[in-house]
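Asker: Would you mind keeping the following structure in view while I ask a few things?
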Amino acid sequence: MIVETERLQLREMSVHDLPALRAIMQDEETMVAYQGAFTDAMVVGWLDRMLARYRDEGIGLWAVLLRGTGQMIGQCGLTHQRILDEDVVEVGYLFNRSFWHHGYATEAAAACRDHGFDELGAERIHAQVRDTNIASMNVAIRLGMTVRGRFVKHYRGVDMPHLAFAVDRPAGTVPHDASRGSEVEAAGLRQRSCGGADLASGS
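In terms of full-length UniProt numbering, the sequence shown opens at residue 1 and continues consecutively.
Right under this line is the structure:
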């Protein structure tokens, strides 16, 4: 496991998670911020990009499992993104609608935020949220994030206004391995040079 909380465990996704991933990403209400449900091909493409991120960067969106049952209820993790002309580490999250309103997104995202600070050496963690997605805005706020700017994404033929949230590393704290920050930054540069950016799940 990469990250664990009181109720959740996070690990890398695999092809065996495709049924659970389809249940999340082919639900119209869940995917409203992405302009509708994904097709089978889009879900497979999403998973392929995450597998490439694990291989090339060591991070990505991870499967979120319920402790005790091992059921996959969502995805949450860290990705490299370009936000407001800056290369950043972003926390993203997307959960099965059956498990909304239980605090799972905040619990998983907070653990990923801390993982970014403590294990990856990030100085700031970001989230990009579509301006109509109030639930994700509330998660970002509960993570201690504030709005740092606004921008527009063009995705699936639609212009999507977004808010750029971020939270800085707490003063006086240091990562467990100070060398990890430069390693993760270098991995992000390699990923972007290969054109691997995608729409982050915090949208």
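Glycine included, C-beta positions come from ideal geometry on N, C-alpha and C.
Given the structure is predicted, the values throughout are model-derived calculations rather than measurements.
Please state the DSSP three-state secondary structure of Met145.
Answerer: Here Met145 sits in coil by DSSP.
Asker: Answer yes or no: do Ala33 and Arg169 have a C-beta to C-beta separation smaller than 8 Å?
Answerer: Not closer than 8 Å, so no.
Asker: Strictly by DSSP, which residues pair up with Ala108?
Answerer: Per DSSP, none; premise fails for Ala108.
Asker: Pop quiz: Tyr104 and Ile125 are said to be a contact at Cβ under 8 Å. What is the actual Cβ separation, rounded to whole angstroms?
Answerer: That pair is no contact at about 18 Å.
Asker: Helix, strand or coil: which one does DSSP assign to Met25?
Answerer: In the structure shown, Met25 sits in a helix (DSSP, three-state: H, G or I).
Asker: Considering Cα atoms alone, identify which of Arg22, Gly77, Val152 and Val158 is closest to Glu57.
Answerer: When each option's Cα is compared against that of Glu57, the closest is Gly77.
Asker: Could you give the C-beta distance for Ile83 and Gln128, rounded to a whole number, given that I count them as a contact under 8 Å?
Answerer: Contact flag correct, Cβ pair sits at about 6 Å.
Asker: What do you reckon, are the CB atoms on Val152 and Met160 nearer than 8 Å?
Answerer: Yes, the Cβ-Cβ distance between Val152 and Met160 is below 8 Å.
Asker: Quick check on the DSSP output: the alpha helix (DSSP H) that includes Val44 runs from which residue to which?
Answerer: Counting along the chain, the alpha helix (DSSP H) containing Val44 begins and ends at Asp40 to Glu57.
Asker: Leaving out five residues before and five after Glu107 in sequence, what residues of the same chain have Cβ atoms less than 8 Å from its Cβ?
Answerer: For Glu107, where only same-chain residues beyond five positions count, the Cβ hits under 8 Å are Thr5, Glu6, Arg7 and Leu8.
Asker: Based on DSSP bridge pairs, tell me the residues matched to Thr79.
Answerer: In the DSSP output, where bridge partners are listed per residue, Thr79 has Glu90.
Asker: Is the separation between the beta-carbon of Leu61 and that of Thr79 shorter than 8 Å?
Answerer: Against a cut-off of 8 Å, the Cβ pair of Thr79 and Leu61 comes out as a contact.
Asker: Do you know whose CA, among Met50, Glu90, Ala135 and Gly157, lies nearest Phe165's CA?
Answerer: Phe165 has its Cα closest to that of Glu90, out of Met50, Glu90, Ala135 and Gly157.
Asker: Could you give the DSSP three-state label for Ser122: helix, strand or coil?
Answerer: Correcting the residue type first, residue 122 is Ala in the shown sequence and not Ser. The answer is coil: DSSP assigns Ala122 none of H, G, I, E or B.
Asker: Count the other CB atoms within 10 Å of the CB of Met1; is the residue buried (16 or more) or exposed (fewer)?
Answerer: So Met1 counts as exposed.
Asker: What do you reckon, are the CB atoms on Ala52 and Leu10 nearer than 8 Å?
Answerer: No; because the gap between Cβ atoms is not below 8 Å, this pair is not in contact.
Asker: Is it buried or exposed, Arg113, if we count other Cβ atoms within 10 angstroms and call 16 or more buried?
Answerer: Buried.
Asker: Considering only DSSP beta bridges, list what Val3 is partnered with.
Answerer: Answer by DSSP bridge pairing, in chain order: Leu10.
Asker: How big is the Cα-Cα spacing for Ala20 and Leu120?
Answerer: Spanning the two alpha carbons is a distance of roughly 28 Å.
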